[in-house]
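> In the working numbering, the protein residues as written are -18 to 525.
My structure is below; once you've seen it, I'll send some questions.
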């Protein structure tokens, strides 16, 4: 069995064969470079030896040959040339006599690549030196090249055998230490099934110190344990999620119905408040109505808080964690998912379902938070109105910009719904002492009118500009809209009691705002360039 696995690993693409091939290629490349370098050094050594041999010929034979030419002893010249031609790698030698042009040679001239050396032959007769001829020596490179070729073949064959043996032993070692354990892990993973948990172990002696395979085995077994727990949690979370989804749908329907009823009751209460104020102006009726509205808002606030607490206790976080584990291992090699495409689609369905439920959960949180904030601001407005009805002369220190931000928050849902852009320029330097409830009512009424003036579908740009600045002993508060504008013929009647341009208006709000500011020593101004050109309301509050 072991030999069969070894043969299979050697003949099929795999880590062992790939690693051995890389080792073989690198070793061969290093061997080839080292061999070329060694052969080059041997070649240069042989060439230098040949050069030394020619130098030795010049030292040993130049003087005897010169003396023989001086004495015209050509027989001796032939003897010397014969000795030169028998030297290693020398294939031709020739002496030329300058006195009579006689040429004596030994060996055979050849076109073979080699080295030629021309040596002048000089005779010294005691009085002067005379060049009597020259010696031509031709040495062949064939012997050097032949020796280099033989050596190259010997080195390459021996290095090839060594590289092959090293690669073979590397392959056996890698197969023994790594590949067989990887195959064990792969076989174990291929048999992995959810709900059928086994322990992975490798066929080897336990090392004294944990190595990589021990870490992989430990991590794999831990992953199984976590996946098992996550799998059970997922099943439980799915059941709980179905139940919570049904409960949440019922809560949502009840909440929408309750909000609609409470809103209708609030509108009815506000309408009754306006009608009662216009008919009798009695503060007691206003206080009673506001108290009823406050109780209704308290009930609505409690319901909203209960729903928010239920949202916080949702088991969706457990599903999110389980899906995160499933998502991280979805693309791992897992035959459970590859065996049947439905298995993978089931896992992807859980991931998609979890994502959609998270989005729905977040949307409900946002809606409940927005509803809670709106209820809180409405309650604050009701409380301010109750304070206004009972304590209309109470003065307190306040920052007008903070009041204006609170008013803006009450209208934010309508502003966003109609795509209105808000520009704020608050240059208020310090708090001032004012009847806060009255100022809140005045600013709330003016901002509400500005927002309603920009709800006409024919308005191209909807911009609400709010500006606060101190000038000439007054705190100037500008509320400007780009809405339907005001007809110049009716502008002087805007602050009269009972005058209104709204189909459902009572003609009470602007009249009350103007009178309240007048009592405080302030003033309310209005400007408009005409129909369709917006309007500017300027509130002037005395700083002292």
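Where is the CB? At the ideal position from N, CA and C, for every residue including glycine.
The structure displayed is predicted, hence computed values, not measured ones.
Are the CB atoms of residue 117 and residue 102 within a distance shorter than 7 angstroms?
Looking up residue 102 in the chain shown gives position 121. Looking up residue 117 in the chain shown gives position 136. Contact: no.
> Just to check my reading of the structure: residue 35 and residue 98 have Cβ atoms closer than 8 angstroms, yes? What is that Cβ distance to the nearest angstrom?
In the chain shown, the residue the question calls residue 35 occupies position 54. In the chain shown, the residue the question calls residue 98 occupies position 117. With a Cβ gap of about 5 angstroms, residue 35 and residue 98 count as contacting.
> What are the boundary residues of the beta strand (DSSP E) that residue 111 is part of?
Along the chain shown, read from residue 1 onward, the residue named residue 111 stands at position 130. Looking at the DSSP string, the run of the beta strand (DSSP E) that includes residue 111 is 110 to 121.
> Figure out for me which residue from 439, 455, 435, 193 has the closest Cα to the Cα of residue 446.
Taking the first residue of the chain shown as 1, we reach residue 446 at position 465. Here the closest residue by C-alpha is 435.
> By how many angstroms is the C-alpha of residue 217 removed from the C-alpha of residue 171?
Along the chain shown, read from residue 1 onward, the residue named residue 171 stands at position 190. Along the chain shown, read from residue 1 onward, the residue named residue 217 stands at position 236. One C-alpha to the other measures close to 27 angstroms.
> Mapping the DSSP letters down to three states, classify residue 18 as helix, strand or coil.
In the chain shown, the residue the question calls residue 18 occupies position 37. In the structure shown, residue 18 sits in a helix (DSSP, three-state: H, G or I).
> What's the gap between the Cα of residue 505 and the Cα of residue 522?
Residue mapping note: residue 505 aligns to position 524 of the chain shown, counting from 1. Residue mapping note: residue 522 aligns to position 541 of the chain shown, counting from 1. C-alpha separation (whole angstroms): 9 angstroms.
> What whole-angstrom Cβ distance do residue 499 and residue 478 have, given they're in contact under 8 angstroms?
Taking the chain shown and counting its residues from 1, the one referred to as residue 499 is at position 518. Taking the chain shown and counting its residues from 1, the one referred to as residue 478 is at position 497. Actually they do not touch by this definition, with Cβ atoms about 13 angstroms apart.
> Between the alpha carbons of residue 423 and residue 345, how many angstroms are there, rounded?
As a working mapping, residue 423 is identified with position 442 in the chain shown. As a working mapping, residue 345 is identified with position 364 in the chain shown. For residue 423 and residue 345, the distance between alpha carbons rounds to 34 angstroms.
> Below 8 angstroms on the Cβ atoms is my contact criterion, and I expect residue 70 with residue 120 to pass it. Report the Cβ-Cβ distance as a whole number of Å.
In the chain shown, counting from the first residue as 1, residue 70 sits at position 89. In the chain shown, counting from the first residue as 1, residue 120 sits at position 139. At roughly 5 angstroms, the Cβ-Cβ gap stays under 8 angstroms, so residue 70 and residue 120 are in contact.
> Expressed to the nearest angstrom, what Euclidean distance is found between the alpha-carbon atoms of residue 215 and residue 193?
Taking the chain shown and counting its residues from 1, the one referred to as residue 215 is at position 234. Taking the chain shown and counting its residues from 1, the one referred to as residue 193 is at position 212. For residue 215 and residue 193, the distance between alpha carbons rounds to 32 angstroms.
> Tell me which residues share the same chain as residue 472 and place their Cβ nearer than 8 angstroms to its Cβ, disregarding the 5 neighbours each side in the sequence.
Residue mapping note: residue 472 aligns to position 491 of the chain shown, counting from 1. Residues 507, 509 of the same chain have their beta carbon placed closer than 8 angstroms to that of residue 472, with the five preceding and five following residues left out of the count.
> Around the C-beta of residue 417, are 16 or more other C-beta atoms found within 10 angstroms, so that it is buried, or is it exposed?
One-based indexing of the chain shown puts residue 417 at position 436. Counting of Cβ neighbours within 10 angstroms places residue 417 among the buried residues, the total reaching 16 or more.
> Kindly indicate which three-state DSSP category residue 452 falls into: helix, strand or coil?
Position 471 of the chain shown, counted from the start, is the residue given in the question as residue 452. In the structure shown, residue 452 sits in a strand (DSSP, three-state: E or B).
> Measuring CB to CB, does residue 515 end up less than 7 angstroms from residue 466?
Mapped onto the chain shown, residue 515 falls at position 534. Mapped onto the chain shown, residue 466 falls at position 485. Yes, these two residues count as a Cβ contact at 7 angstroms.
> Would you decide whether residue 21 is buried or exposed? Buried here means 16 or more other CB atoms lie within 10 Å of its CB.
Walking along the chain shown from the start, residue 21 turns up at place 40. Exposed, because fewer than 16 other Cβ atoms sit within 10 Å of the Cβ of residue 21.
> Within 10 angstroms of its Cβ, does residue -1 collect 16 or more other Cβ (buried), or is it exposed?
Position 18 of the chain shown holds residue -1. Using a 10 angstroms sphere on the CB of residue -1, the tally of other CB atoms stays under 16, which defines it as exposed.
> Taking the C-alpha atoms as reference points, what is the distance between residue 77 and residue 53?
By one-based count along the chain shown, residue 77 stands at place 96. By one-based count along the chain shown, residue 53 stands at place 72. Roughly 12 angstroms separates the two Cα atoms.
> Just to confirm, is the Cβ distance from residue 376 to residue 412 under 7 angstroms?
Counting from one through the chain shown, the residue named residue 376 turns up at place 395. Counting from one through the chain shown, the residue named residue 412 turns up at place 431. Contact check for residue 376 against residue 412 fails: the beta carbons are separated by 7 angstroms or more.
> Apart from the five residues just before and just after residue 460, which ones in its own chain have a Cβ nearer than 7 angstroms to its Cβ?
Numbered from its first residue, the chain shown carries residue 460 at position 479. Counting only Cβ-Cβ distances below 7 angstroms, and skipping sequence neighbours, we find 427, 428, 431, 447, 518.
> Going by beta carbon distance, what residues of the same chain come within less than 8 angstroms of residue 409, once the five residues before and after it are set aside?
In the chain shown, residue 409 corresponds to position 428, counting from 1. The answer, listed in chain order, is 380, 381, 382, 449, 450, 451, 456.
> Rounded to a whole number of angstroms, what is the C-alpha to C-alpha distance between residue 45 and residue 112?
For this step, residue 45 is matched to residue 64 along the chain shown. For this step, residue 112 is matched to residue 131 along the chain shown. Taking the straight line joining both Cα atoms gives about 13 angstroms.
> Assuming residue 19 and residue 136 form a contact by the criterion Cβ under 8 angstroms, report the distance between their Cβ atoms to the nearest whole angstrom.
Counting from one through the chain shown, the residue named residue 19 turns up at place 38. Counting from one through the chain shown, the residue named residue 136 turns up at place 155. That belief holds up - the Cβ atoms of residue 19 and residue 136 are roughly 7 angstroms apart, short of 8 angstroms.
> Specify the secondary structure class of residue 350 as computed by DSSP and reduced to three states.
Locating residue 350 in the chain shown gives position 369, where the first residue counts as 1. Reduced to three states, the DSSP call for residue 350 is helix.
> Please state whether DSSP places residue 265 in a helix, a strand or coil.
Against the chain shown, residue 265 aligns to sequence position 284. With a pLDDT of 45 at residue 265, under the threshold of 50, the predicted position of this residue should be treated as unreliable, and no value is reported.
> Name the one or two DSSP bridge partners that residue 78 has.
Position 97 of the chain shown, counted from the start, is the residue given in the question as residue 78. In the DSSP output, where bridge partners are listed per residue, residue 78 has 114.
> Tell whether a beta-carbon distance below 7 angstroms holds between residue 88 and residue 66.
The residue given as residue 88 occupies position 107 in the chain shown. The residue given as residue 66 occupies position 85 in the chain shown. Contact: yes.
> Any idea which residues DSSP pairs residue 446 with across the strands?
What you label residue 446 is simply residue 465 of the chain shown in a count that begins at 1. According to DSSP, residue 446 bridges with 404, 461.
> Per the DSSP calculation, residue 519 is bridged to which residue(s)?
Mapped onto the chain shown, residue 519 falls at position 538. According to DSSP, which records beta bridges pairwise, residue 519 is partnered with 459, 506.
> Have a look at 75, 27, 143 and flag the residue whose alpha-carbon is nearest the alpha-carbon of residue 4.
Residue 4 sits at position 23 when you count from the first residue of the chain shown. Taking only the C-alpha atoms, the option nearest residue 4 is 143.
> With H, G and I counted as helix, E and B as strand and the rest as coil, what does DSSP make of residue 422?
Translated into the one-based positions of the chain shown, residue 422 becomes position 441. In the three-state scheme derived from DSSP, where H, G and I count as helix and E and B as strand, residue 422 is classed as helix.
> Compute the distance between the beta-carbons of residue 79 and residue 107, then report whether it is under 7 angstroms.
Position 98 of the chain shown, counted from the start, is the residue given in the question as residue 79. Position 126 of the chain shown, counted from the start, is the residue given in the question as residue 107. Cβ atoms of residue 79 and residue 107: not closer than 7 angstroms.
> Specify the secondary structure class of residue 70 as computed by DSSP and reduced to three states.
The sequence position of residue 70 within the chain shown is 89, counting from 1. If DSSP states are grouped into helix, strand and coil, residue 70 belongs with coil.
> So, for residue 181: in the same chain, excluding its five sequence neighbours on each side, which residues have a beta-carbon less than 6 angstroms away from its beta-carbon?
Here residue 181 refers to the residue found at position 200 when the chain shown is read from its first residue. For residue 181, where only same-chain residues beyond five positions count, the Cβ hits under 6 angstroms are 169, 198, 201, 202.
> I need the straight-line Cα distance from residue 83 to residue 126, nearest angstrom please.
Locating residue 83 in the chain shown gives position 102, where the first residue counts as 1. Locating residue 126 in the chain shown gives position 145, where the first residue counts as 1. Cα-Cα distance, rounded: 35 angstroms.
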